[in-house]
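Using the UniProt record's numbering, read the sequence shown as starting at 1 and increasing by one per residue.
Here's the structure we're looking at; comments come further down.
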Amino acid sequence: MANHHFDLIIVGAGPAGCTCAYQLRHTKLRIAVIDKATFPRDKICGDALSADVVNQLDRMDPTLVDSFKKFNQKLPSQGVSFFAPNGQKLDIPFTNPNFDEAAGYISKRVDFDQFMFDQIKDQANVELFVNEKIEKIEYESDLVKLESKLHTFTSKLIIGADGAYSVVNKYLGNIKVEKEHYCAGLRQYYKNVNGFNDQNHIELHFYKELLPGYFWVFPLPNGQANVGLGMLSSEVSKRQLNLKSILYDLIHNHPNLKDRFKNAEPIEDIKGFGLPIGSKKRAISGRQFLLLGDAASLIDPFTGEGIGNAIRSGRIAAEVVEEAFYKNYFDSKYLHKYDQIIEHKMRNELRISRSMQKLLKYPKLFNFVVKKANSNSSVRTLLTSMLDNVDLKKELIKPRFYIQLLFGSLK
1 MANHHFDLII
11 VGAGPAGCTC
21 AYQLRHTKLR
31 IAVIDKATFP
41 RDKICGDALS
51 ADVVNQLDRM
61 DPTLVDSFKK
71 FNQKLPSQGV
81 SFFAPNGQKL
91 DIPFTNPNFD
101 EAAGYISKRV
111 DFDQFMFDQI
121 KDQANVELFV
131 NEKIEKIEYE
141 SDLVKLESKL
151 HTFTSKLIIG
161 ADGAYSVVNK
171 YLGNIKVEKE
181 HYCAGLRQYY
191 KNVNGFNDQN
201 HIELHFYKEL
211 LPGYFWVFPL
221 PNGQANVGLG
231 MLSSEVSKRQ
241 LNLKSILYDL
251 IHNHPNLKDR
261 FKNAEPIEDI
271 KGFGLPIGSK
281 KRAISGRQFL
291 LLGDAASLID
301 PFTGEGIGNA
311 IRSGRIAAEV
321 VEEAFYKNYF
331 DSKYLHKYDQ
341 IIEHKMRNEL
351 RISRSMQKLL
361 KYPKLFNFVV
371 KKANSNSSVR
381 TLLTSMLDNV
391 DLKKELIKPR
401 FYIQLLFGSL
411 K
């Protein structure tokens, strides 16, 4: 078994891990990036790239945005269409003043993750180990030791960017699967789905049988579509639901969907996945480790979007890592700084999204808001602004907003 020593080891070469490595490209740190898969590889996901993804790339490096513009395996999306439990639709445009082409995109993760991986594959201070599954992690004196079947790795600090089933969290962290803070999801790629918005809106369908979850249909390049659903695991267990049956029934029988899928064909089997949502504050660092992205449970509880937060966490982690090596501090007390920054930058929005998720238990309220927005352009404009602005979004979880909506006092 070959032995390798690095300053920093990043487990996971998805968006979070690649971002962290890329942000450290100008340092003298010797970095190993280890992934259990060989790229390109699929990641089960909704495939939507929010405006925050583009903004984070720009903050990382403006030339990275130029590369992203040339990246062909993406579809520009100008908004989102919400379908209320009663079937009414509300179209909300996306806005992003920092990017003129589109506010958001849809791209298969097999393609977008390859794009991110390509940014670090020739990086001078990075050595890549793919098809390398880490099977054991332990402390050894002042180092952390990682073992695969082929190699032993040691370093002073490791990054867990290895997704929902993180091996770094398993051995060093303390995030447990809690059904109240975990979503079960299904995804299936289709071709020949019709009826998409001409501006490629992503679609979120909030139907009674799925609340407090939703069914989605996202257009993809090459005339394909990402189709799936997600629901809190606690609800799935409590109601003993068969999500595959619900997915089939919605596609073939729901009045909003059945005609759109009349000529559609699945191009893969249904695939299941888990989403550790950011609805609970957790410790995401400790002695000589940091957790990023899905491994840190940073997925938005309302939308299920996690790529933007994964990239953001990778960027923040790189700043903490560089400072830790400069000061030679790798203890849990010092690395807790990472938790504090994530808390400051993300927790408020995650908390609001959790509250919005809870409101989905009241389908009549959802129907009422959509009806008002469709009949009142001022309300529709206000909702658009709320989705773009965290401070305004707080209003959506206050009773006052709905009272004003009821009595027509919103202007």
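Glycine included, every Cβ here is placed at the ideal spot set by N, Cα and C.
In the DSSP assignment, K271 falls within the beta strand (DSSP E) that extends over K271 to P276. DSSP places Y171 in the uninterrupted alpha helix (DSSP H) bounded by V167 to Y171. In the structure shown, the three-state DSSP call for T154 is strand. Taking a cut-off of 8 angstroms for Cβ pairs, the region 190-208 and the region 145-162 do not touch, as fewer than three such pairs fall below it. Residues A21, I31, V33 and I120 of the same chain have their beta carbon placed closer than 7 angstroms to that of V126, with the five preceding and five following residues left out of the count. With fewer than 16 neighbouring CB atoms inside 10 Å of its own CB, T38 falls in the exposed class. Per DSSP, reduced to three states, the secondary structure at V193 is coil, with no helix or strand assignment. For the pair of segments examined, the region 9-27 was found to touch the region 313-331: the number of CB pairs separated by less than 8 angstroms reaches three. Residue burial annotation: Q340 is exposed, with fewer than 16 other C-beta atoms found within 10 angstroms of its C-beta. Contact check between the region 281-291 and the region 337-356: three or more CB pairs, one atom from each, fall below 8 angstroms, which counts as touching. Taking all protein chains in view, the Cβ of Y165 is surrounded by fewer than 16 other Cβ atoms within 10 Å, so the residue is classified as exposed.
Counting C-beta pairs closer than 8 angstroms gives three or more between the region 232-244 and the region 178-185, which meets the contact rule. Per DSSP, reduced to three states, the secondary structure at N226 is strand. Cβ-Cβ separation between P363 and L211: approximately 6 angstroms, consistent with a contact (criterion under 8 angstroms). Judged by DSSP secondary structure, I251 falls within the alpha helix (DSSP H) whose first and last residues are L243 to N253. In the DSSP annotation of this structure, the continuous segment of the alpha helix (DSSP H) that includes N55 starts and ends at A51 to M60. At the C-beta level, F289 and I158 come within 8 angstroms of one another.
In the displayed model, D91 falls within a strand according to three-state DSSP. For the pair L220 and I106, the CB atoms are nearer than the 8 angstroms cut-off. Of the residues N309, T154 and D122, the one whose Cα lies closest to the Cα of E349 is N309. Contact annotation, A295 with N131: C-beta distance approximately 20 angstroms; criterion of less than 8 angstroms not satisfied. Note: I137 is bridge-paired with L146 in the DSSP secondary-structure output.
In chain order, A13, C18 and F39 place their CB closer than 7 angstroms to the CB of F117, counting only its own chain and leaving out the 5 sequence neighbours on each side. Judged by DSSP in its simplified three-state form, S233 adopts helix.
Going by DSSP, S355 is part of the alpha helix (DSSP H) stretching over N348 to L359.
Closest option to D47, judged by alpha-carbon separation, among K36, N174, D113 and N253: D113. Considered as a whole, the region 20-54 harbours 31-34 as its complete beta strand (DSSP E) runs of no fewer than 3 residues, in chain order. Here S297 is near I175, since their CB atoms are less than 8 angstroms apart.
Residues Q56 of the same chain have their beta carbon placed closer than 6 angstroms to that of R312, with the five preceding and five following residues left out of the count.
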